[in-house]
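Single-structure report; data block below.
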Amino acid sequence: MDTTAIDTLRSFLSEDNLNVHNPQVYSPNAIRSLYYSAESRNQLGKLESRMLSTLIGLFGSLSVDPLSTLVYRVPLASHLVRVSKPRSHWSFVLKVGKFKQQSGMTLSDSDRFWLLRAELATARTLISAARPEGFSDNLGRAISRARVHYRCIRRHSYHPEVHVPYLQTLVDSGSAEVAAADLAFALRTHQICHMRLLAVLYRLIVKFGGELSVKAQACILSALWTRIHHAERPHSSFESGNDEYSRTPRKALDAPILAHGLSTALLGPYNLAASGIYSYVPKQQLAAVFCPMRPLTQRWTALILLALFNAPQAVTNGSSLQRCTVGSERSFTASFWEVIYGLATLERMFMGPFTLHGKQTAPIDDIRGTARALLQTWSRIVESPLVSHEAACGISASFFRIGGRGGDALVIDGCRTMCDHRGIWPQDLLEGRDLNTDFMVAQYIAASVRIHGVQSSSVLRVVNAFSPDSKRQWQVFDVAVEELAGSDPRLAYALHAAAIQSGKDIASNVTHTLVLSLLKQGYLEDAIRVLTQNQFSEKQLETVLASMARRIQRDRLGYRSDITQPIVHQLLSMYKSHSPSERFRRHFEQLLLVLCQNGKGRQMLRVVSFVMQTSPMYFKPMFFSRLCTVLLRHKQFRGAGTVAAIIAGSHPITSHRLRLLVTSAATRARVSRAQKLTRIHLAPSGRRCHGWNLDSTSSPQKTRGGSMPRNLSSHLCESPYHGLALEQVMQELVSLGRTFAARRLFVRSVPTLTPKRCTTLGNILLHGVSCQPKPRNGRLVRKLLVLVEELVKRHAFRPDRVTVNIIVKTMINWRSVVDNVRLRVLFDQLVRGGYPAADHSPQRPPFGTPPTPSPGSLGLSKLTPSISFERHARPLYKMFIKAFYLRHDIEAARRIIWILKVEEQKDAIVKEKRWRGKSKGRIKASRVSGRGLEGGCTL
């Protein structure tokens, strides 16, 4: 019995293959072939347990993303040739695993991990298919087998790749009870809890929170209490006043920050920022919300609120949140927890720009009802000594923000009244408060502006009553303007103008944010007005100018030409003495081009000259070509000539090319001043500096200094020289794009031409038609075929192999109709017409396609049988190779490459024989005539 396959497989899977200098490397296809061969011969029993584990790991690693991190790695995976598109090998994993179990071998943890992933892949396929027949039974069996492997390895590793795919599959399949039990075990067992595992927990609660049994709810809550109670964290940092970080927070508090910090501190992973935020809320009381002594419904409601805030991409609506926040009287702990996470979830709904009458993420009535219910709950617990002043200010700021974005004046007025009565709002003008107080006042101002509009007197009255300190007033205005800029930049602009008018200074970074928001919403005039009235740093100015360039280019038809004049003055003043930074170069070039298109070409040339004086190599040559093209498109010939003159020293080659371009455009437009500026003269019809000397004793020859005149065709028709002269003239006309002139010259010269010369000139004309940019595809093919038919009928044109190549090239470029299948048919048809194809023949073409009917034939049988490899076959084969590669048919392209190589070798042999024959003929002729060494050498 043949043992080659099993011996090769054993050699590859052995430990010696890892340590040798030149290890064996195989492709996945080769490994599969070796496995199939060994399996068909019943030779897998010769593989040891470790080899089978390695084989399972190899097949498993080939089925997952190569960039993913895995807990069980296979060293031999580096000895496999990676393919661009990996395919699934889970069936091989299941086969090898089943054989190992049937052989009485023990499955290792890595084996069970890969078998678990294979069963999960099967289950996910069934979930996505959603077939009614046998769907539940097959899915249940796959999940049951996966559960067996998971429960054998779940205690040994906390890696998310072990737990998360299994739990996600359970949640997707609707097995909520089983998912809750296994998830509780993972939370209880492993001290390190990955964020992906917590995301599965939040998704399970959001999706099946109201359907889980009491037993499943108690199991999850017990696991969370175990983590909160026994987690090892530095408790000294939780005590208020012991941590310097907690006494001076770096950011003002609000409900989302409190909720995020509380979630991180309770469930991990621990970080210093969470401990600093956590010190402003009562640790022991809020942690006890999951205490088993509490009612189950209260603990479960708290967990639902936690999940609604933290669930990634959860579909959270106001009605579901309202059911969790409206109920009977609760304890202080449950109420405080409810307020924090209820407000944080509402703010997640209002993330980003929001308009009351625009597109909303949730019904506005449900959001308003939930906010009012939370405000009532907050009013009952705000006077508790356990609520710090910082937390009270942050929660009040969130109420103001939600009321303003939701358009609910009752929430804003109710929260302001409560703050006044409970002492949260500053009463004493000289009373020292922290950053949170300023943040709360700023949120109140922003909410009032959203409801009542910008009323300068009311806003100033609130700010002056808050604090007489000008620095604190500026800080309040900064926060209010920044808050409004994210959702309603027009209101932020009005508030910014009111603050500037009253003598309040706004920070440059806030103004910078406001300008960017105005540009993003399309308010270019307001953004330019703010830009001219404020001072920015160079980095901020570059960011603003880049954003303005994008906005002007996008909406340039909707603005007046004089609106960009302040930007021009800003550029002239900025870069008069120094050049912009290198990272701003691309945006700077775009801004200059956009302003040139907007009618500011002369001023932009001054900016370019300033920059070139300080940094001659700052701009790239491509920019000057684009700038010159824009100027010529807007008939600014003198400006385009100035560009060519500016770069004469730094980029001489580009300058010369631009001078030619400017002179040619100016000549066509009959602008003489631009010709004098560039000091180059071109004739009106020339794109190239070529001339033609027509002499009565010689054929036309190209000379520099002039261009081909337009009446050259009629002149040649009257002259007696037509052969090579007509061919050169038609080639020049075709290269200049003057196909109609070439056709007229051909028609006038046909009566005096030989048939061979007529075919050559006709092919030149057909080539010019096929290279035209318009029309394309089907229209170009039809136009070319009609022209061929006309030339054959009226002008005695005889198509040859070159004509076939031109027609085939045009058909190949029609990619929407001529796909790789039709391309194979076309190539086989050419082989049947006599083109060489290595070992293939007309009866056995390379691709084996059936013969096409006569209407699709190219008429190859009417052509001469002689085929030149250099002139006919090689160009045709290269066209087909490129076409097959563009259609991603690599196999067909490689087959034609092989044919081309074989034919090149044959052609080289023929050329060598011909050369030897000619050499022998010359030697024999020299011997007969008596010349050469043998006949004429005397001493």
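Take the sequence shown: its letters are residues 59 to 997, numbered as in my numbering.
Just so it is clear, CB atoms sit at the ideal spot from N, CA and C, and this is done for glycine as well.
Residue i, buried or exposed, once every other Cβ within 10 Å from all chains shown has been counted against 16
i    : result
Y502 : buried
G659 : buried
S321 : buried
G221 : Note that residue 221 corresponds to His in the displayed sequence, not to Gly. Buried is the call here.
V83  : exposed
Q159 : exposed
N80  : exposed
Y943 : exposed
N863 : buried
N87  : exposed
I263 : buried
T725 : buried
N494 : buried
H930 : buried
C349 : exposed
S98  : exposed
Residue-level contact to chain E via CB, residue i, 8 Å cutoff
i    : result
L105 : Absence of chain E from the displayed structure is noted, only one protein chain being present.
Residue i, DSSP secondary structure in three states
i    : result
R209 : helix
L228 : helix
L108 : In the sequence as presented, Leu is not what sits at residue 108; that position holds Arg. Helix.
Y93  : helix
S899 : strand
Y260 : helix
L270 : coil
Y84  : strand
L881 : helix
L311 : coil
L128 : coil
L138 : strand
D195 : helix
K417 : Note that K417 scores a pLDDT of 47, beneath 50, so its modelled location is shaky; the value from the coordinates is reported in the next line. In the structure shown, K417 sits in coil (DSSP, three-state: anything other than H, G, I, E or B).
S98  : helix
Whether residue i touches residue j by CB criterion (8 Å)
i     : j    : result
R880  : P909 : no
Y676  : S637 : yes
I439  : S393 : yes
A1000 : A550 : The requested residue 1000 is not part of the displayed model; the chain covers only 59 to 997.
L116  : L134 : yes
S1015 : I201 : Given a span of 59 to 997 for the chain in the structure shown, any question on residue 1015 remains unanswerable.
F682  : T712 : yes
L468  : L432 : no
T61   : Q101 : yes
L650  : V665 : yes
L934  : V866 : yes
L138  : G155 : no
C686  : V652 : no
E177  : R203 : yes
P547  : Y581 : yes
Rounded C-alpha distance that separates residue i from residue j
i    : j    : result
N368 : S168 : 33 Å
Q275 : A238 : 8 Å
A504 : F524 : 15 Å
Y905 : R609 : The amino acid at residue 905 is misidentified as Tyr; the sequence shows Phe. Those two C-alpha atoms are separated by around 54 Å.
R684 : V792 : 27 Å
L487 : K529 : With a pLDDT of 47 at L487, under the threshold of 50, the modelled position of this residue cannot be trusted, and the question is left open.
M606 : R644 : 14 Å
T391 : W436 : 12 Å
Q531 : F497 : 11 Å
F171 : I278 : 25 Å
T868 : V122 : 44 Å
S516 : K693 : 55 Å
E235 : E441 : 41 Å
S874 : L256 : 49 Å
Scan the stretch 640–695 and note each continuous alpha helix (DSSP H) run of 4 residues or more that stays entirely inside, going in chain order.
-> Restricting attention to alpha helix (DSSP H) runs no shorter than 4 residues, the stretch 640–695 encloses them at 643–655, 659–672 and 679–691, ordered along the chain.
Return the chain-ordered ranges of every alpha helix (DSSP H) run that is complete within the stretch 908–982 and spans a minimum of 4 residues.
-> 932–944
Mind pulling the alpha helix (DSSP H) runs of 4 or more residues that sit fully within the stretch 158–186?
-> none
Tell me the start and end of each unbroken alpha helix (DSSP H) in the stretch 559–590 that is at least 4 residues and wholly inside, in chain order.
-> 566–579
If you scan the stretch 692–724 from start to end, which runs of the alpha helix (DSSP H) of 4 or more residues do you find wholly inside it?
-> 695–704
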